[in-house]
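At position 500 of the sequence shown the residue is numbered 499 (numbering that gives the first Met the number 0), and the sequence of numbers has no breaks.
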Amino acid sequence: MTDTTLTPQKLAPPGRGRRDRKAAELETRTRAAGERLARYSSLPGSQVLQDVRVTAQGLRHDEAAHRLERHGANVVAHERAPRWFTQLAKAFVNPFIAVLVALDLVMLWQWLRAAGDEPFDPGIAILATMVLVSGALRFWQEYRSGRSAAALRALVTTTTAVQRRAGRGERPTTVEIPMDQVVPGDIVRLAAGDLVPADLRLLTAKDLMVGQAALSGESLPVAKADTRTHDYGQSSTTDPVEADNLCLMGTTVTSGTATGVVVATGSDTYFGSMAGSLVGERPQTSFDTGVRKVSFLLIRFMLVMVPVVFAVNGFTKGDWDEAFMFALAVAVGLTPEMLPMVVTTNLARGAVAMSRRKVVVKRLNAIQNLGAMDVLCTDKTGTLTEDRIVLDRYLDVRGQEDTEVLEHAYLNAHFQTGLRNLMDQAVIDRVLEAEEVVVDARFTMVDEIPFDFARRRMSVVLNRNSLAAAPEPGEHIMITKGAVEEVLALCTHMTDRGQRVELTDELRREVTRTAEDHNRQGLRVLAVATRTLPAERTVYTVADEAELTLIGFLAFLDPPKADAAQALQALADKGVTVKVVTGDNELVAARVCADVGIDVGEVVTGTRIDRLDDDELRALVRTTTLFAKTNPVQKARIVRALQAEGHTVGFLGDGINDAVALRDADVGISVDTAVDIAKESADIILLEKDLMVLEQGVEQGRTTFGNTIKYIKMTASSNFGNVFSVLVASAFIPFQPMLAIHLLVQNLAYDISQLATPWDRMDPDYLRKPRTWDAKGIARFMLCVGPISSVFDITTFLVMWHVFGADSEAHQTLFQSGWFVEGLLSQTLVVHMIRTRRIPFVQSRASAPVLVMTALVMAFGVFLPFSPLAHALSMEPLPMAYFPWLIGILLTYCALTQVVKTWYIRRFSTWL
C-alpha cells in the first residue's frame with residue numbers, strides 16, 4: 000500500500016535548502032492540524048466529547064491539573080529576543096571586522112616582537128577602536144529597538160471562563176482561569192468580546208459571530224452554526240477556518256454566546272502549527288546576500304594585491320621585513336575598515352529618522368532592504384481600507400438611491416434591543432453623519448423578532464404615534480432586515496417607484512440580479528422589507544414574517560483609505576510594485592483594489608495556488624496583482640516565488656496568517672495593533688498603519704543605501720588607485736614611495752573625513768528607483784575610476800623627482816611628503832566627484848557635515864608636513880613652489896574624473 004502522508008522529507012527532500020525544509024515543515028504541521036480539526040468538525044458533538052474523554056459537565060480540577068502537566072501550558076512557540084551578551088557578540092559578526100581583527104593581531108604581534116626597540120604602534124589602537132565602535136553602535140541600536148518593540152506588547156494577563164467540577168458528583172461551576180492554563184477537554188464559555196483561548200469544537204452556540212481576520216483576513220465577522228437543537232457535525236471541510244462549528248485560537252467573539260470543548264491547545268492548535276515554524280534562524284535577506292558578496296569581492300582584491308606589493312617591494316628593495324610591514328600597511332589601506340562603522344552609522348541614523356515618523360526598526364538591516372524593495376505585498380484590511388464597515392449605498396429595487404430605504408433600515412437598527420452588529424451600527428452612523436432628523440420620535444416599539452442564524456434576519460414591529468400620519472389608524476408596521484435570499488423568499492410584493500406591486504417571477508429575477516450586481520462589486524448586500532399589520536396584539540412571532548413588501552437594499556463595504564490611492568502612486572513613482580495578498584474573498588478584494596487605482600487583471604485564489612508547482616507559481620506572480628482567499632502557507636509561497644524572480648520583497652501584515660510571510664520576506668512590516676506573533680516576525684513596526692509612512696521609509700532606506708555605496712565606491716576606487724601607484728613607484732623608485740606610517744595616517748585621515756557620509760544627502764533622481772547591492776558593478780567602477788588617481792600620482796612622482804630634485808634616498812622624505820599631501824587631498828577631493836552623477840558644487844552640493852569634514856582633513860594634510868609631528872612621521876616642509884603644481888594637478892584630476900564619469904554613465908547607465 001502506498002504511503003500518501005505528506006512529510007517535510009517528501010515536500011523538501013534532502014539537498015533542498017534549510018528555508019525550503021522550514022517551509023515544508025510548516026506546510027506539513029499546518030495541514031496535519033487542519034485535518035485533525037476537520038475530523039472534529041465532521042463528528043457529532045457527543046462523539047467529540049468521548050474522543051477528548053470528558054463529559055458535558057466539564058473536567059474535575061484534579062483532571063485539569065493532570066492534563067496541564069501532560070500537555071503543557073497553552074502557549075504557542077514564539078521568538079524570544081536573544082540575551083544581551085548574545086546580541087553583543089552577533090554585532091561583531093562581519094567579514095570586514097574579521098579582517099580588521101586579523102590585521103590588528105598581526106600588527107600587535109609585530110610590535111611585541113620588537114617591543115624593546117620600537118614605540119607602541121598607534122595603528123593597533125586605531126584599528127581596535129574602529130572595530131569596537133562599529134560593533135557597539137550596531138548592538139546598541141538593535142538592543143534599544145528590541146526593547147521598544149517589546150514595550151508595544153500589551154502587558155496584561157488574559158483569562159477565560161471554563162466549566163469545572165470540584166469532584167465526582169459535584170455540580171459544575173464556571174471559573175475564570177489564565178488562558179495559559181486551559182487544557183484539552185475543558186468546556187469553555189464564550190461571550191461577546193472574548194478571545195478564543197484554544198481550538199474549540201462548539202457544543203452550543205446562539206447568535207455567535209466570530210472575527211477571524213487574524214487568521215483569514217476576512218474583514219467581516221463570520222456566523223457560526225446554532226448547535227443548540229441538533230449537532231450531527233457538518234460536512235467534511237479541508238479548511239478549519241471555514242468550519243461553522245469550530246472556533247480557533249486567536250479569533251475573537253464579536254456577538255452571541257457559545258460553549259465549546261477544547262480539542263487542541265498550545266502548539267497543537269491551528270495557530271500553534273504556524274508559530275512553531277517561526278522560531279530559529281531567519282532566512283537570508285537581500286541585504287545579507289549583498290553585503291556578503293561585496294565584502295568578499297573586496298577581500299579577494301586585497302588577497303591578490305597585497306602579495307604582489309610584498310613581492311615587488313621585497314625583490315626591488317631587498318629588505319623583506321620592511322616589505323612585509325609595507326604590505327601590511329597596504330592591506331590596512333585596501334581594507335575599507337570603516338565600512339562596518341559607516342554601514343552601521345548609516346542604518347542607525349536611518350532608524351532614528353524613521354522613529355520620528357512613528358516607525359520602530361527592530362533589525363537595522365531592514366532599512367536598506369526597505370530601500371531595495373521593488374515589490375510590496377500587502378493585506379487589504381486596514382492597509383488599503385479603514386478596517387471598519389460603512390453603509391455605502393441604500394437602494395430601491397431598481398438600484399437607485401432611496402432615502403426611504405435608509406429610513407426604514409435606521410428604524411430597524413435603532414429599535415432592536417439585542418446586541419447591534421457592525422452593519423446595524425454602520426446604518427446608525429450613516430444617519431448621524433448626514434445629521435438627518437430621523438423618524439424614531441414618530442414611532443414606539445411594540446415587539447421584535449430577534450436575529451438568529453437559521454433565519455439570517457431580524458424584525459421590529461413599531462406603532463406609529465399620533466404625530467405621524469398613518470395610512471390607517473391603529474396599524475403596526477413590521478420592518479425586516481436580513482440576507483437577501485431569506486428576506487426575498489418571504490416577499491409577495493415590492494415597492495416600485497412609490498407603488499406597491501406584486502412580485503412576479505420575472506420581477507423577482509430582476510431584483511435578485513440587482514443584489515447580485517452589487518455583490519460582484521465587492522459589497523455586502525442586505526434586503527429591507529416591510530409589512531403593515533392590524534394593531535390587535537403586542538406579541539409577534541416568526542410566523543408573522545410573511546407576505547412582506549420588498550422596499551430595497553443596503554450595501555456595505557470596508558471603505559478604502561482616503562490617502563491609499565495617493566500612497567500607492569507615490570510607491571509606484573519610487574519603482575515599488577504593490578501586490579495585494581489577502582485572505583478575504585476575491586470580489587471584495589477586487590472592488591477595493593479598483594477603488595484605490597490598482598489594475599487588478601486576473602484574480603488568483605489560494606485554491607489555484609495549491610495546484611501549482613514552484614516554477615508555475617513563479618510564472619504566475621510575474622503578472623498577477625491580486626491574490627485572494629490565501630492561507631499562511633500560500634502567502635509565504637508567493638513571497639518566495641517573487642524572491643526567486645530576483646525581487647526584493649516587502650510584506651505588510653498584522654494577522655496570525657501573515658506571520659510566515661513576514662518572516663520569509665526581505666523586510667517584514669507590521670503595526671503596533673497587530674497580533675504578537677506578527678510583531679515578533681516583523682523587522683519594522685509601524686505605529687500607524689499608513690502607506691505614506693512606508694513611502695517615506697522607502698526613501699530613507701534608499702538614502703541610507705546610497706550613502707553606504709558612496710563610501711564603498713569612493714574607498715574601493717581610491718584604494719585601487721593607490722595600490723596601482725605603489726606598484727609603479729616600487730618598481731622604478733629606489734626607495735619606498737611612502738612609509739607604512741604614512742599610509743596608515745593617510746588612511747586614518749581619509750576615514751575620518753568619511754564619518755560624515757551618513758549625513759550626506761542623495762540626489763532626487765537616485766531615490767526614484769529601488770537600489771540593490773551589485774558586486775560586479777563595484778568591481779567595474781573600481782577598475783574604471785581607480786586608475787585616474789594613479790595618473791596624477793605618477794604625475795606627482797615626476798614633479799617631485801624632476802622639478803624638486805627628490806631623486807635619491809637622501810631626499811626621499813621630501814618625495815614622500817609631496818606624495819602624501821597630493822594623495823590625501825586627491826583622495827578627499829574625489830569624494831565630491833563620486834558622491835553625485837551631476838557636476839559637483841554646481842548642480843549638486845554635499846551636505847554641510849561632509850563639506851566641513853573634507854575641508855578639515857585637506858587642511859590637516861597640508862599642515863602636517865609643517866607641524867611639530869612632521870619629524871616623528873618622517874616628513875619635512877614642502878617648498879611653496881610645490882603648491883601651484885598641487886593646485887594644477889588637483890584641478891586637472893577633477894576635470895578628468897568628470898569626463899570619465901560622463902563616459903561611464905553613458906556607457907553603463909549607472910553611477911552609484
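We put the beta carbon where it would ideally sit given N, CA and C, even for glycine. Being a predicted model, the structure only gives us computed values, none of them experimental.
Given that a residue counts as buried once 16 or more other Cβ atoms are within 10 Å of its Cβ, and exposed if not, what is residue i?
i: T812; result: buried
i: P733; result: exposed
i: P559; result: buried
i: A945; result: Absent from the model: residue 945. The displayed extent of the chain is 0 to 911, so no value can be given.
i: G497; result: exposed
i: V436; result: The predicted model places V436 with a pLDDT of 48, which falls under 50 and marks its position as unreliable, so this point remains unresolved.
i: M879; result: exposed
i: A894; result: exposed
i: N464; result: exposed
i: W818; result: buried
i: T629; result: buried
i: K223; result: buried
i: T172; result: exposed
i: S669; result: buried
i: R392; result: buried
Hey, residue i and residue j: beta-carbon distance below 7 Å or not?
i: V181; j: R163; result: no
i: G649; j: V666; result: yes
i: A526; j: V483; result: yes
i: V358; j: L885; result: no
i: D193; j: V252; result: yes
i: G197; j: T128; result: One detail in the question is off: residue 197 reads as Ala in this sequence, not Gly. Cβ distance not < 7 Å, so A197 and T128 don't count as in contact.
i: N706; j: P769; result: no
i: V430; j: S266; result: no
i: A677; j: A658; result: yes
i: V638; j: D612; result: no
i: V784; j: S724; result: no
Output the boundary residues of the beta strand (DSSP E) element that contains residue i.
i: F650; result: V648 to L651
i: E175; result: T172 to P177
i: I668; result: V666 to V670
i: Q912; result: Residue 912 is absent from the structure shown; the chain starts at 0 and stops at 911.
i: K205; result: D198 to G210
i: L625; result: L625 to A627
i: M457; result: R456 to R463
Start and end of the alpha helix (DSSP H) containing residue i?
i: D792; result: A774 to L797
i: V829; result: Q811 to I833
i: L410; result: T402 to F414
i: R507; result: D504 to R519
i: V747; result: Residue 747 is actually Leu in this sequence, not Val. Run containing L747: A739 to Q753, per the alpha helix (DSSP H) assignment.
i: F84; result: W83 to K89
Just verifying my parser: in three-state terms, what is the DSSP assignment at residue i?
i: L686; result: coil
i: I366; result: helix
i: A925; result: Summary: the structure shown does not reach residue 925, with the chain confined to residues 0 through 911, and so no result is reported for it.
i: K480; result: strand
i: I186; result: strand
i: D609; result: helix
i: R496; result: coil
i: A640; result: helix
i: I550; result: strand
i: S908; result: coil
i: K578; result: strand
i: L525; result: strand
i: M301; result: helix
i: E544; result: coil
i: L726; result: helix
i: M761; result: coil
i: G265; result: helix
i: I597; result: coil
i: V587; result: helix
At a cut-off of 6 Å, would you count residue i as near the ligand ATP, judging by its Cβ distance to the nearest heavy atom?
i: M208; result: Of the ligands one can find in the structure shown there are none, so the ligand ATP has no counterpart to examine.
Q: Please list the segments of the alpha helix (DSSP H) lying wholly inside the region 835-892, counting only runs of 4 or more residues, in order along the chain.
A: Whole alpha helix (DSSP H) segments, 4+ residues: 847-862.
(Q) Extract the residue ranges of the beta strand (DSSP E) inside the region 336-400, only unbroken runs of 3 or more that lie entirely within it. (A) Within the region 336-400, the complete beta strand (DSSP E) runs of at least 3 residues fall at 358-360, 374-377 and 389-394.
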